[in-house]
């Protein structure tokens with residue numbers, strides 16, 4: 060099972076809630092696809108012992124490996140007896156985590172794995188994906204408090220918008236393995252939402268899931284990621300509309316100008332009438348297309364060199 064979504068949409072909250080279930084263990088952000096699979100050209104042919112050992116060493120050196128509580132020597136030894144490919148190593152990582160946690164269901168939470176769903180599905184054909192969605196105005200407002208924001212409201216909103224389009228364009232057979240959870244419904248109607256999610260996963264709902272904040276599973280490093288401090292608190296409906304008092308009217312306008320189509324589809328009410336948004340929306344759309352064309356031209360030139 061994989062928890063995905065635009066960063067700051069509630070994936071960490073969902074991880075904590077699911078980890079409070081007696082049969083489920085959700086690993087923290089491994090970023091396996093970006094850190095390892097995407098760099099497969101660097102590791103080259105894994106049938107070569109040196110290349111394979113290099114990949115294994117890089118996996119166990121990542122801070123998240125220690126945070127998962129895994130044993131490096133045990134993992135290295137087990138890796139020698141499996142098929143030498145990325146899917147098998149990713150599977151081994153999660154299997155070892157499940158063994159440690161003594162659960163029948165294992166999962167992983169990396170928000171950016173949303174963009175790798177098709178490849179992950181090839182690795183794990185029976186996998187389930189839970190995609191959590193949050194109001195883009197709340198997401199962008201939250202991004203203003205983290206170090207990896209672009210610092211630009213329009214650019215940050217584009218990330219949310221592209222992710223929604225990406226999910227929409229996935230093949231139907233993969234979409235059937237994805238459940239969408241709305242952050243707002245999770246917070247306002249937690250028991251009802253979690254019962255539906257448990258049914259999707261194939262487990263019984265457990266009331267202790269609602270007491271997730273009392274469970275200390277050491278899988279969220281608040282010291283390293285202080286913006287996740289609310290994870291130690293009960294569900295707070297006040298956070299849903301916090302963006303209304305923290306974003307300026309012009310920021311809200313810009314976010315809606317980028318994301319209005321998906322917002323309407325997902326039933327997030329617009330603050331601004333659509334006819335007022337469209338001129339800015341078209342301007343943003345054409346400027347992004349021009350930027351993409353320039354980037355493609357630069358990449359082509361680099362390939363020629």
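Numbering (our numbering), first residue to last: 60 to 364. For each residue, glycine too, the CB sits at the ideal point set by N, CA and C.
Looking only at 81, 87 and 339, the smallest Cα-Cα distance to residue 309 is reached by 339. In the three-state scheme derived from DSSP, where H, G and I count as helix and E and B as strand, residue 146 is classed as helix.
Only residues of its own chain outside the window of five on either side were considered, and among them 171 have a CB closer than 7 Å to the CB of residue 93, listed in chain order. Within the segment 193-275, the complete beta strand (DSSP E) segments at least 3 residues long are 237-241, listed from N- to C-terminus. Residue burial annotation: residue 136 is exposed, with fewer than 16 other C-beta atoms found within 10 angstroms of its C-beta. When only Cα atoms are considered, residue 167 and residue 101 end up about 24 Å apart. Counting along the chain, residue 167 sits inside the beta strand (DSSP E) bounded by residues 164-168.
Inclusion of residue 197 and residue 299 in the CB contact set at 8 Å is warranted, their separation being smaller than that value.
By the criterion of at least three beta-carbon pairs nearer than 8 Å, the segment 231-246 is in contact with the segment 177-196. A distance below 8 Å separates the beta carbons of residue 129 and residue 156. When the Cα atoms are used, residue 265 and residue 336 turn out to be separated by approximately 44 Å. With a threshold of 16 other beta carbon atoms within 10 Å, residue 111 meets it and is buried. Around the beta carbon of residue 315, 16 or more other beta carbons sit within 10 angstroms, so the residue counts as buried. Between the segment 75-87 and the segment 247-262 there are three or more inter-stretch CB-CB distances shorter than 8 Å, so the stretches are counted as touching. If you draw a straight line from the Cα of residue 215 to the Cα of residue 208, it is about 7 Å long. According to DSSP, residue pairing for residue 189 in a beta bridge involves 62 and 238.
Pairing residue 145 with residue 328, the inter-Cα distance amounts to about 42 Å.
Fully enclosed alpha helix (DSSP H) runs of no fewer than 4 residues occupy 91-94 and 99-102 of the segment 72-118, in order along the chain.
Judged by beta-carbon spacing, residue 63 lies within the 8 Å limit of residue 176, meaning their Cβ atoms are closer than that value. Distance from the Cα of residue 67 is smallest, within the candidate group 232, 201 and 261, for 201. Residue nearest to residue 268 within the set 73, 69, 60 and 132 is 73 (criterion: CA-CA distance). In terms of Cβ geometry, residue 125 and residue 220 do not form a close pair [threshold 8 Å].
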